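Peer 1:
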Amino acid sequence: MRWPEVITAIKAQQGEEVDFSELDWTTKCEILRSNPVTVMRMFEKRVDALMTHLLLSPAQPIGEVEDYFYRVEFQARGSPHIHLLAWVKGAPEFENQSDQEVCDFIDRYITCQLPDPTTDPELHKIVTEVQLHSRKHSKSCKKGNVLCRYGFPKLPVTKTTITRPRPQRPEEDENEDQNRPDGKKARQEAVRKAMNDARMKLKPLWDLLNDPQASFDNLSDLLTKCDLSMDDYNNYVEALSTSSVILLKRDPKEAWVNGYNPDLLRAWNANMDIQFVLDSYSCIMYMLSYISKPEHEMNDFLKNVIKGVRETNINEEDEMKNIMQAYSKHRQVSAQESVARTCSLPMKKCSRNVVFIPTDDDALKMSLPLSALHNKDPDSEDVWMSGMIDKYRARPRTLEFEMMCLADFVSNYRVVYGRQTKGKNVHQLLNSMGFIQKRTVGKAAIIRYARFSEEKQPEKHYGRLVKLYVPHRFNEQLKPQRYPTYQEFYKGAFVELPAYPGILMPVCAIVKSHQEKYEKHSKEVDQAFEQLQREGPSENAWTAFAPEIDVDRLECIAEQEDVDPGEEDVQDDVPEYQILREDGDGVVPQIEAPQMTAEFVRKMFRSLNETQAAIFYTVRQWCQKRV
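If you number the sequence shown the way the UniProt record's numbering does, the last residue is 627 and the count never jumps.
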């Protein structure tokens, strides 16, 4: 709605010219709906330009971005937006560096100040139109007795600060029975009482901030009208903290302004939420539970549908019909999302490649294609496609590769084929396993692997550690006769590395030296993920990261029409579902002769990458079992 070039491009395709400034809201909506393909493609180009020509440029509006990940998401109204996580070089780490260093970094790139309408009218117009939280509050703002779950109006402070929950009193630390349930309850009651007292004392201040007719020059003027001293005010603000929270420097007149970066907001010209990450749990919950939430909901729903139809013992034809009906009735897709998926526009991008490493002893393997199996001896056991673990164990026998662990190998090298095998830095693997090349474009890949609990699954946990971080060529080297389990090998074994002949090094030390490189925040991530699984998504985490986006999300949910349970089993009038057989015996999808030659299809199969081939053969195997 705010980007004239999109409206102009659509009308130009239709052979018309328009003056964007003269169009009303309804007309703009009609123009955008008339060509969702152009709208979505221009959004993609705009995001690419924002990343390439601003965020990753020498301008560095939020600092030097070392890594990033973003995902495109669509709300029920249809318009796309992106969720971006950026790693900035030199950014201070909360709790490891002083609060002042963190606050200085935040002030450098994030603000909530209202620009001067005289000196910077352009930015002032954008901020007042897209960064102000509504004084009227939406229905989604209210939760229980809280007027605004997003904390608006925000409390003004004279400088950016980080508030924490109040620490225990010294006498509580010395109390031997402080962990008793009654002791914890007493402390919780004390904290709750302090918060209620703080809310009561600050109520006159909030009333003034909510009053559009009230006026005050600065925070001191506001506190004077509320009969509060600065020290008392700061104490009450700290008493409201239930977790570590960033309070941006703001005057009372900026209590309704959402934080933004001036350079990014000026270029993007649409609402933005920007936060410095303090809490690992909130960040992980935000990325995992909300960015991919619709896909998880549909996945769970289809699993329940499949389970239900199988319990009724219906035939395969009706089973597929029920699945198609369930998908079409429960997956709401906007026109722009349909365009993005149909045109294969990227829904997510990352600064690094991501490679999964299976570390389980019983990891699944893909079989060779049938054409290859037909040419093999029936008694041959060489029927599996080689994976990265097989290629790692067939690495060259040079000192560099002998000292290389599996994690380093997968992260720094990629498999190459065809003409690429003649390029620079290419190494031939042993046993005709192919060729690898050091990653030179971009950065080392991110490795992923299954995580196992040390308490619940110790063997798999230690098996993952030694397989990833101990150089080896055979699995038997990681579980010799003297150490029948991975756990015993990790804790008690010593090995000799080629670079240090005659020196025995403890396995645990070797693992930890490599683990520090790939699992810098593993404990925090594990704890946050366990908390997410145990307690479920915390809405406060979302509201802290993206308040205005969450307002739109909840309003979209409220506008959705409820599904009538009576229509669950009613089949939609979809022609593809209702094609009759020529003999009139039943309703089945029409079968047409393939229009492609077998040779052409085989070429397409051979062009599949590893991921595409895995998906294809999984679907093929399922179809063969069902039909």
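Built from N, CA and C at the ideal position, the CB exists for glycine as well. Quantities reported herein were computed from a predicted structural model and do not represent experimental measurements.
Which full runs of the beta strand (DSSP E) of 3+ residues lie inside the segment 22-105, going along the chain?
Peer 2: Complete beta strand (DSSP E) runs here, min 3: 65-74, 80-88.
Peer 1: What is the DSSP secondary structure of L240, counted as helix, strand or coil?
Peer 2: To locate residue 240, count along the sequence shown from 1; it is residue 240. Three-state result, L240: coil.
Peer 1: In the DSSP assignment, what are the bridge partners of R448?
Peer 2: One-based indexing of the sequence shown puts residue 448 at position 448. For R448, which the question treats as bridged, DSSP gives the partners F356.
Peer 1: If you compare alpha carbons, which of P61, S453, V6, L468 is closest to M404?
Peer 2: On the sequence shown, position 404 is the one that residue 404 refers to. Taking only the C-alpha atoms, the option nearest M404 is L468.
Peer 1: State the Cα-Cα distance for the pair E30 and A270, rounded to the nearest angstrom.
Peer 2: For the purposes of this step, residue 30 is taken as the residue at position 30 of the sequence shown. For the purposes of this step, residue 270 is taken as the residue at position 270 of the sequence shown. Rounded to whole angstroms, E30 to A270 spans 20 Å at the Cα level.
Peer 1: Within the continuous alpha helix (DSSP H) that includes L223, where are the two ends?
Peer 2: Working through the sequence shown from its first residue, we reach residue 223 at position 223. Here the alpha helix (DSSP H) through L223 covers 219-225.
Peer 1: Between L222 and L208, is the Cβ-Cβ spacing less than 8 Å?
Peer 2: Working through the sequence shown from its first residue, we reach residue 222 at position 222. Working through the sequence shown from its first residue, we reach residue 208 at position 208. Yes, they are a contact pair.
Peer 1: I need the straight-line Cα distance from G15 to I7, nearest angstrom please.
Peer 2: As a working mapping, residue 15 is identified with position 15 in the sequence shown. As a working mapping, residue 7 is identified with position 7 in the sequence shown. Cα to Cα, G15 sits roughly 12 Å from I7.
Peer 1: Look at the Cβ atom of N210, then the Cβ atom of C112, and state whether they are nearer than 8 Å.
Peer 2: Position 210 of the sequence shown holds residue 210. Position 112 of the sequence shown holds residue 112. Going by C-beta atoms, N210 is not nearer than 8 Å to C112.
Peer 1: If you follow the beta strand (DSSP E) that R414 is in, where does it begin and where does it stop?
Peer 2: Mapped onto the sequence shown, residue 414 falls at position 414. 413-416 is the extent of the beta strand (DSSP E) around R414.
Peer 1: Look up V130 in the DSSP assignment and say whether it is helix, strand or coil.
Peer 2: Within the sequence shown, residue 130 is the residue found at index 130, counting from 1. Of the three classes helix, strand and coil, the one that applies to V130 here is helix, per DSSP.
Peer 1: Classify E496 as helix, strand or coil using the three-state DSSP reduction.
Peer 2: For the purposes of this step, residue 496 is identified with residue 496 of the sequence shown, where counting begins at 1. Looking at E496 - three-state DSSP - the assignment turns out to be strand.
Peer 1: If you measure between the beta carbons of K249 and T158, is that distance less than 8 Å?
Peer 2: Here residue 249 is taken as the residue at index 249 of the sequence shown, counted from 1. Here residue 158 is taken as the residue at index 158 of the sequence shown, counted from 1. Yes.
Peer 1: For P506 and W87, I'd like the C-alpha separation in whole angstroms.
Peer 2: Numbered from 1 along the sequence shown, position 506 holds the residue referred to as residue 506. Numbered from 1 along the sequence shown, position 87 holds the residue referred to as residue 87. Rounded to the nearest angstrom, the two C-alpha atoms are 34 Å apart.
Peer 1: How is the beta strand (DSSP E) around C350 delimited, first residue to last?
Peer 2: Sequence index remark: in the sequence shown, residue 350 carries index 350 (1-based). Start and end: 348-350.
Peer 1: Note down, in chain order, each residue of its chain lying with its Cβ closer than 7 Å to the Cβ of H83, except the 5 sequence neighbours on either side.
Peer 2: Against the sequence shown, residue 83 aligns to sequence position 83. Taken in chain order, the residues that qualify are Y70, R71, E73, I291.
Peer 1: Using DSSP bridges, identify the partner residues of L247.
Peer 2: On the sequence shown, residue 247 is found 247 positions in, with the first residue counted as 1. L247 is bridged to T161.
Peer 1: Whole angstroms is fine: what's the gap from R187's alpha carbon to S244's?
Peer 2: As a first step, residue 187 is located in the sequence shown; it is residue number 187 there, counting from the start. As a first step, residue 244 is located in the sequence shown; it is residue number 244 there, counting from the start. About 18 Å.
Peer 1: Look at I274 and I503 and say whether their C-beta atoms are less than 8 Å apart.
Peer 2: Locating residue 274 in the sequence shown gives position 274, where the first residue counts as 1. Locating residue 503 in the sequence shown gives position 503, where the first residue counts as 1. No. Outside cutoff.
Peer 1: Please report how far the alpha carbon of N475 lies from the alpha carbon of A363, in whole angstroms.
Peer 2: Along the sequence shown, read from residue 1 onward, the residue named residue 475 stands at position 475. Along the sequence shown, read from residue 1 onward, the residue named residue 363 stands at position 363. Straight-line Cα distance between these residues: approximately 13 Å.
Peer 1: Within its chain, find whatever has a CB closer than 8 Å to the CB of V410; leave out the 5 residues flanking it on each side and keep chain order.
Peer 2: One-based indexing of the sequence shown puts residue 410 at position 410. Correct list, in chain order: V355, I357, M388, Y392, A445, I447.
Peer 1: Helix, strand or coil: how does DSSP classify F435 here?
Peer 2: Indexing the sequence shown from 1 puts residue 435 at position 435. F435 falls in the strand class under three-state DSSP.
Peer 1: What is the residue span of the beta strand (DSSP E) that Q13 lies within?
Peer 2: The sequence position of residue 13 within the sequence shown is 13, counting from 1. That residue, Q13, is in no beta strand (DSSP E); its alpha helix (DSSP H) goes 4-13.
Peer 1: Which word fits Q131, buried or exposed, when buried means at least 16 other C-beta atoms lie within 10 angstroms of its C-beta?
Peer 2: To locate residue 131, count along the sequence shown from 1; it is residue 131. The residue in question, Q131, is buried, as its Cβ has 16 or more Cβ neighbours within 10 Å.
Peer 1: Terminal residues of the continuous alpha helix (DSSP H) containing L465?
Peer 2: Position 465 of the sequence shown holds residue 465. First-last of the alpha helix (DSSP H) with L465: 458-469.
Peer 1: Going by C-alpha to C-alpha distance, which of S371, L114, S134 sits closest to C148?
Peer 2: Stepping through the sequence shown from its first residue, residue 148 is reached at position 148. Here the closest residue by C-alpha is S134.
Peer 1: At what residues does the alpha helix (DSSP H) containing H514 begin and finish?
Peer 2: Walking along the sequence shown from the start, residue 514 turns up at place 514. Note, H514: alpha helix (DSSP H), 507-518.
Peer 1: Quick one, which of N235, F152, S220, K225 has its alpha-carbon nearest P165's?
Peer 2: Within the sequence shown, the letter at position 165 stands for residue 165. Ranking N235, F152, S220, K225 by Cα distance to P165 puts N235 first.
Peer 1: Reducing DSSP to helix, strand and coil, say where R620 ends up.
Peer 2: For the purposes of this step, residue 620 is taken as residue 620 along the sequence shown, with counting starting at 1. Helix, per DSSP.
Peer 1: Counting C-beta neighbours from all protein chains within 10 Å, is the total for R464 16 or more, i.e. buried, or is it exposed?
Peer 2: Residue 464 sits at position 464 when you count from the first residue of the sequence shown. Flag for R464 reads buried.
Peer 1: Express the C-alpha separation of P369 and I106 in angstroms, rounding to a whole number.
Peer 2: Taking the sequence shown and counting its residues from 1, the one referred to as residue 106 is at position 106. Taking the sequence shown and counting its residues from 1, the one referred to as residue 369 is at position 369. About 55 Å.
Peer 1: Which two residues bound the contiguous alpha helix (DSSP H) that contains Q428?
Peer 2: Taking the sequence shown and counting its residues from 1, one reaches residue 428 at position 428. First-last for Q428: 426-428, but that is the beta strand (DSSP E), not the alpha helix (DSSP H).
Peer 1: Straight-line CA distance for V18 to A49?
Peer 2: The residue labelled residue 18 in the question sits at position 18 within the sequence shown. The residue labelled residue 49 in the question sits at position 49 within the sequence shown. Roughly 25 Å between the two C-alpha positions.
Peer 1: Would you be able to state if there are at least three C-beta pairs under 8 Å between the segment 59-66 and the segment 36-47?
Peer 2: Output reads no: the segment 59-66 does not touch the segment 36-47.
Peer 1: Within the same chain, show all residues whose beta-carbon is closer than 8 Å to that of L54, passing over the 5 residues directly before and after it, in chain order.
Peer 2: Locating residue 54 in the sequence shown gives position 54, where the first residue counts as 1. Excluding residues within five positions, the ones whose Cβ falls inside 8 Å are P61, D263, L264, A267.
Peer 1: So, with DSSP's three-state summary, where would you put S607?
Peer 2: Counting from one through the sequence shown, the residue named residue 607 turns up at place 607. Of the three classes helix, strand and coil, the one that applies to S607 here is coil, per DSSP.
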